[in-house]
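Take a look at the structure set out below.
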Amino acid sequence: MVRGSRVVEIISKTLSEMLVCPLSEQPLRVCEKSNSLISHAIGVSFPIVDGIPCLVPRDGEIVETDSDRTAADAKTDHKTAQE
Amino acid sequence: MTSLLQFSFSPVAGHPRRRRQQQRIVASADRQALFSRIAPVYDNLNDVLSLGQHRIWKRMAVDWSGAKEGSNVLDLCCGSGDLAFLLSPKVGVDGQVTGLDFSREQLVVASSRQKMQSKACYRNLKWVEGDALDLPFSDCYFDAITMGYGLRNVIDKYKALKEVYRVLKPGSKASILDFNKSTDELRTSIQGWMIDNIVVPVAAGYGLAEEYRYLKSSIQEFLTGEELEHLALKAGFSSAKHFEVGGGLMGNLVATR
Chain X
119 MVRGSRVVEI
129 ISKTLSEMLV
139 CPLSEQPLRV
149 CEKSNSLISH
159 AIGVSFPIVD
169 GIPCLVPRDG
179 EIVETDSDRT
189 AADAKTDHKT
199 AQE
Chain U
0 MTSLLQFSFS
10 PVAGHPRRRR
20 QQQRIVASAD
30 RQALFSRIAP
40 VYDNLNDVLS
50 LGQHRIWKRM
60 AVDWSGAKEG
70 SNVLDLCCGS
80 GDLAFLLSPK
90 VGVDGQVTGL
100 DFSREQLVVA
110 SSRQKMQSKA
120 CYRNLKWVEG
130 DALDLPFSDC
140 YFDAITMGYG
150 LRNVIDKYKA
160 LKEVYRVLKP
170 GSKASILDFN
180 KSTDELRTSI
190 QGWMIDNIVV
200 PVAAGYGLAE
210 EYRYLKSSIQ
220 EFLTGEELEH
230 LALKAGFSSA
240 KHFEVGGGLM
250 GNLVATR
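For the record, the sequence lines run as chains X and U.
Just so it is clear: in the first sequence, position 20 is 138 by my numbering, and no numbers are missing.
Just so it is clear: in the second sequence, position 18 is 17 by my numbering, and no numbers are missing.
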């Protein structure tokens, strides 16, 4: 992880540490790649827009699980190999 | 043109409880859209309509919250941030102010106002888009909570008060300012007359007559001071007192966890 990442700087470490998932009340993880806050407890990500975390429950999106990503990656790799 | 204020209760099949949940979602979305539409002129209209008095009521609300230097405070339904900006110098550089609102447009205004401030203490302000009925904070987190002209607009006031209670530290206070739903007929008539003959025509000048007509029905649907006190006690607060301010036009509920 790059120190002082843009996402963490934008929303501040303080804010990222104080927020919890509005649905499960469990801690959130900052995801730099998707610029979002991930609730692993329920598998939902919440976007950060212009430095403001969007934690209205209906803003949440279901995240892919690791197994889903692996299957998708495998499919993409296979298709690329065929081309 | 369909008014934003007509909460479109489209028929929803299924269990009555699910239908009610669907209707609540639609109503909440309507109100969110309303506040997003008025965001650009919200501050200006507050000044014009209250002749600047809203600033005094908001200072009183902040005083009642018990926020002090070093406090970690929440301004719920913060809108463009009036209460948050009063809390910021009060809690100082060692304190923290979080402003939460469900309208992105209002938060953008709040964030822009923050960028125009040069004092170091205003760096203690953070903005979060969130739902007052599902707060993204842990239990017993805040030293004080303020809510200005927000409780009347949430679709489930009891749930909102339970959430305020949940995230407050034991012994801390919530200070909730809003219009007063008076039990006095004369005062209610005067309030209604002022909305019909002053507020709505002035808002019409900004193209927002329909949005401000919503004010009258929202006050009618709101709770009296006594009812708010009872609801706060039901939500778990150890004490709750409602103070009338602004000649009885406004009221401030102070609830202690």
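Positions of the beta carbon are idealized from the N, C-alpha and C atoms, including for glycine.
Buried/exposed call for residue i, threshold 16 Cβ in 10 Å
i      : result
U:K114 : exposed
U:R103 : buried
U:R30  : buried
X:R147 : exposed
U:Q105 : buried
X:E270 : With chain X covering only 119 through 201, there is no way to say anything about residue 270 of chain X.
U:S259 : Coverage of chain U is limited to positions 0 through 256, which leaves residue 259 of chain U absent and any answer about it impossible.
X:I170 : buried
X:D177 : buried
X:T132 : exposed
U:K271 : This structure leaves residue 271 of chain U out entirely; chain U is present only between 0 and 256.
U:K258 : It is not possible to answer for residue 258 of chain U, since the shown part of chain U is limited to 0 through 256.
X:L173 : buried
U:L50  : exposed
U:I197 : exposed
U:S27  : buried
U:S70  : buried
Min CB distance residue i to chain U below 9 Å
i      : result
X:V162 : no
X:V148 : no
X:I156 : no
X:S152 : no
X:V181 : no
Top-ranked residue by Cα proximity to residue i, from the options
i      : options                        : result
U:V199 : U:L227, U:Y148, U:E128, U:N45  : U:N45
U:V90  : U:L99, U:R122, U:S79, U:S102   : U:R122
U:A32  : U:D100, U:E68, U:L167          : U:D100
U:Y205 : U:S102, U:V61, U:N43           : U:N43
X:G161 : X:K131, X:E150, X:S142, X:I129 : X:S142
U:A173 : U:S188, U:L227, U:E209         : U:L227
U:P169 : U:D93, U:D183, U:F236, U:D133  : U:F236
U:F178 : U:D195, U:A131, U:Y148, U:I194 : U:Y148
U:R58  : U:I37, U:S49, U:L85            : U:L85
U:D155 : U:L48, U:F221, U:E225          : U:F221
U:F242 : U:K233, U:R256, U:T223         : U:T223
U:Y157 : U:K125, U:L132, U:S27          : U:L132
U:V92  : U:K125, U:W63, U:D62           : U:K125
X:I129 : U:S171, U:E128, U:I37          : U:E128
U:E184 : U:R212, U:Q219, U:D62, U:D195  : U:Q219
X:D168 : U:R54, U:V107, U:S35           : U:V107
U:F34  : U:Y211, U:L75, U:L48           : U:Y211
Rounded distance between the beta-carbons of residue j and residue i, thought under 8 Å
i      : j      : result
U:L150 : U:A159 : 6 Å
U:G65  : U:A143 : 5 Å
X:S157 : X:I166 : The pair is not a contact, with the Cβ atoms about 13 Å apart (cut-off 8 Å).
U:S79  : U:R112 : 7 Å
U:R186 : U:G94  : Not a contact, Cβ separation roughly 37 Å.
Residues near residue i by beta carbon distance below 7 Å, same chain, minus five either side
i      : result
U:H217 : Just to set this straight, residue 217 of chain U is Ser in the shown sequence, not His. Excluding positions up to five away in sequence, the list reads R151, N152.
U:N56  : First, the residue type needs correcting, since residue 56 of chain U is Trp and not Asn in the sequence shown. Contacts found: L176, V244, G245, M249.
U:C77  : A83, G98, L99, D100, A109
U:G191 : K215
X:P175 : P140, L141
U:Q60  : Reading the sequence as shown, one finds Ala at residue 60 of chain U and not Gln. Cβ within range, chain order: L82, T145, G147, S174, L176, N251.
X:I180 : G161, V162
X:Q237 : There is simply no residue 237 of chain X to check, as chain X begins at 119 and stops at 201 in what is shown.
U:I194 : L214, K215
Interface flag, residue i vs chain X, CB-CB below 9 Å
i      : result
U:W126 : yes
U:F136 : yes
U:T255 : no
U:Q95  : yes
U:R30  : no
U:Y205 : no
U:Y121 : no
U:L101 : The sequence given here has Phe at residue 101 of chain U, not Leu. Yes, because at least one Cβ of chain X sits closer than 9 Å to the Cβ of U:F101.
U:L222 : no
U:V40  : no
U:L106 : yes
Close beta carbons around residue i, own chain, < 8 Å, minus the five adjacent residues each side
i      : result
U:Q52  : G245
U:S2   : Because the pLDDT of U:S2 is 32, which lies under 50, any placement of that residue in the model is unreliable, and the number read from its coordinates should be weighed accordingly. Cβ neighbours of U:S2 beyond the five flanking positions: E209.
U:R256 : Y164, L167, K168, P169, G170, S171, K172, A173, G235, F236, S237
Own chain partners of residue i with C-beta closer than 6 Å, once the 5 adjacent residues on each side are dropped
i      : result
U:A231 : L160, A239, A254
U:L73  : T97, F141, I144
U:A208 : V199, A202
U:Y41  : S79
U:F136 : V166
U:C139 : K168
U:L134 : E162, V166
U:D130 : F101
U:S188 : none
Closer than 8 Å: residue i CB and nearest the ligand COA heavy atom
i      : result
X:V138 : No copy of the ligand COA occurs in the structure displayed, which carries no ligand at all.
Quick one, which residues of the segment 129-143 of chain X are near chain C if we go by CB-CB under 9 Å, in chain order? The chain labelled as chain C is not found among the protein chains of the depicted structure, namely X and U.
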